[in-house]
Every structure is written in C-alpha cells, then in structure tokens.
Amino acid sequence: MKGGPRASGLGQRPNNLVGARPEAPGPRPVRIAVLVSGHGTNLQSILDACARGEISGRVVVVASTTTTAYALVRARQAGVPAVVLAPRSFPDRQTYDARLAEVLQVHDIDLVCLAGFLRILTPAFVEQFRGRIMNIHPALLPAFGGVGMYGPHVHEAVLASGAKISGCTVHFVDETPDGGPIILQAAVPVRDDDSVESLAARIAEQEHHLYPEAIRLFAGGRLQVVGKRTLLLDAREQRHRQRSHAPDGAGRSVAISLAEESATGLRPSQ
Ligand code: GRF
19 MKGGPRASGL GQRPNNLVGA RPEAPGPRPV RIAVLVSGHG TNLQSILDAC ARGEISGRVV
79 VVASTTTTAY ALVRARQAGV PAVVLAPRSF PDRQTYDARL AEVLQVHDID LVCLAGFLRI
139 LTPAFVEQFR GRIMNIHPAL LPAFGGVGMY GPHVHEAVLA SGAKISGCTV HFVDETPDGG
199 PIILQAAVPV RDDDSVESLA ARIAEQEHHL YPEAIRLFAG GRLQVVGKRT LLLDAREQRH
259 RQRSHAPDGA GRSVAISLAE ESATGLRPSQ
C-alpha cells in the first residue's frame, strides 16, 4: 500500500526505486479496489476501460456490503476476486473499516473507487487512504449532496428544486460526505417531462464515461490536489514532475489548457 500513487505525486514508483535505473521509470499500473453495494454499472465501466487499455491499471479486488449485489456477478465474470463485508457482522463502523482496510492492504491497493457503496467511511479510513479514495455522485456537487442524498433521493430533490441542469461528479473522498475535492463533472440538462428514472438513466450514461476518465487521469499522475481544488496537470508537466521527482505540490503553479478543460472538466451532454 505504501508508495502507491497519491493524489499529489501520482503514478510514480516508490522513491527507493526511482533512480535505481539511469532513465526515470514509467508510472506503475494502478491497482484499483472498487467498493459496491448494488448494480455495479460503474464497476463495469471501469472494468471495461481497463480491459480496453484506456487506464494504466486494473481492478484487483471488489468489496461489497451485500451478497445480493449484482456487482459481484460482474466481478466474477471479469475474473476479479470479490469479498463481501456485511455491516451487521461487525460491532461498529471502526471495526468494519479496519477490516476493509486490511483487505485492501492485502491486495496492495493504490486507488479505492466507491461506486454505489452505501456507507460513509470513518475518518480513520479516510486518513489511511487520503488522496486515494474517489467517489461518484449522481448530481453536480456541492449541490444535492451530503447525508441522505443517494440513489433516487438525489434525483427527487433535483426535480423538486426546479433545477435546469443536473449531472454527475467524481471527487476525492474526505471526512465530509460528498465534500472532497471535485475531480471531474459532467452536466446533464433536466427536461420538463423528466421522471426520477429518466433523469437517472441519462446521468448514469455520463457516469460511465466520467469515472473511467477520472481514474485514467489518476493513473497517469495527472491529478494534483491543492486545497479544495483538483488541478489537472497536462501530460508535459507530469513528465517534468516525474523527471525532477519534485516533492508533492512544492512551489508548483499549474496551468490547465482551455482545450483540456473543455475536454474533461465540464462536459455538457447531448
Ligand atoms: C450511481 O448512480 C452513483 O452515482 C452512485 O451510486 C450509483 C451506483 O450505481 N454513487 P451502480 O451500482 O454503479 O450501477
């Protein structure tokens, strides 16, 4: 676990390996854990993107809160080991998260992706994996997020509010539910005749592009967290960072090209 990519200083091998060869080593393929509780369509999009070679990494373990999650079928079909950690088998959240962390460590995980995982992680877990936990939320955060905002509740609240635009957000996880630094967002217009189901379906379509894209950027060492903002490093800057082995974030200023921003930052659908 130690020495895996981090949100700042991503995709590089541990320092004790850097410099062992004359040329700077390439990024280590990211070992991904996906945490699920349900259908697993986001898990599938991540598995597919890895299989297509779009992400420098692979899903090495899936953890589910329930044996009935269809995501477990997807994991089996992809040949990925899966574990079920049922909350009622643990006395409290701390013990649950400690066991989860153990499982992830056994698999030497670099990145933890929450994909419909119906639990709020303890501060101790977040601390242990800080900068290496992502979540996807089916709205444009910071609106329509926080405790109780999951599944259909999110879309119900969006429709009730009269908002014209919703969407999805991939963000790093910190101690605040749905409150960590935003990585990418995609906008989805709300139609006058939308139901919870129709809006959810159009947003899900965007989620399945957005999450693999965020992971691709992480795996390429292209994300740097500065306070609440996640900066997208361009590929040249990332190469320079790798060559110089600069300490994370030290004295760096990052320019995001307009082209890149419009390609990955906020993508209107349709
Ligand atoms: C998605 O809508 C995601 O935004 C939210 O939970 C849902 C998971 O769906 N966090 P699936 O299990 O990936 O199909």
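Per my numbering, the very first residue in the sequence shown carries number 19; after that it's consecutive. Every residue, glycine too, gets a C-beta built ideally from N, C-alpha and C.
Cutoff 7 Å; reference residue i; Cβ partners in own chain excluding five residues on either side
i    : result
F162 : V172, A175 and V176
S63  : H226, Y229 and P230
R292 : One cannot answer for residue 292 here, as it falls past the ends of the chain, which runs 19 to 288.
F14  : Since the first and last residues shown for the chain are 19 and 288, residue 14 lies out of range.
T59  : A222 and H226
Euclidean distance between Cα positions of residue i and residue j
i    : j    : result
A237 : V208 : 32 Å
A116 : D211 : 45 Å
Y88  : P99  : 14 Å
G245 : I200 : 11 Å
V91  : G169 : 21 Å
L241 : A253 : 10 Å
G71  : V54  : 23 Å
S216 : G134 : 18 Å
V78  : I50  : 6 Å
G149 : G239 : 12 Å
D192 : I151 : 8 Å
Q203 : Q224 : 9 Å
A178 : E255 : 44 Å
A119 : Q112 : 10 Å
L251 : M167 : 31 Å
G56  : K182 : 28 Å
L65  : H189 : 19 Å
G180 : V214 : 13 Å
V124 : A69  : 23 Å
Paired residues, beta bridge with residue i - DSSP
i    : result
Q242 : L249
C131 : V52 and M152
V79  : A51
V124 : Answer by DSSP bridge pairing: none, since V124 is not bridged.
V102 : S82
Beta-carbon contacts of residue i that lie in its chain and below 6 Å, excluding the five residues immediately before and after
i    : result
S221 : Just to set this straight, residue 221 is Ile in the shown sequence, not Ser. The answer, listed in chain order, is P156, C186 and V206.
F108 : Y114
P195 : I138, G164 and V165
L122 : A51
L235 : L241
L61  : V52, V54, A89, R92 and A133
Neighbourhood of residue i by C-beta, 8 Å cutoff - its chain only, sequence neighbours within 5 removed
i   : result
P47 : S74, G75, R76 and A237
Across the region 99–115 and the region 74–83, are there enough close Cβ pairs to call them in contact, namely three or more that are closer than 8 Å? Segments in contact, yes.
Would you call the region 137–148 and the region 90–100 in contact, with 3 or more CB pairs under 8 Å? Three or more Cβ pairs closer than 8 Å define a contact, and the region 137–148 falls short of that threshold against the region 90–100.
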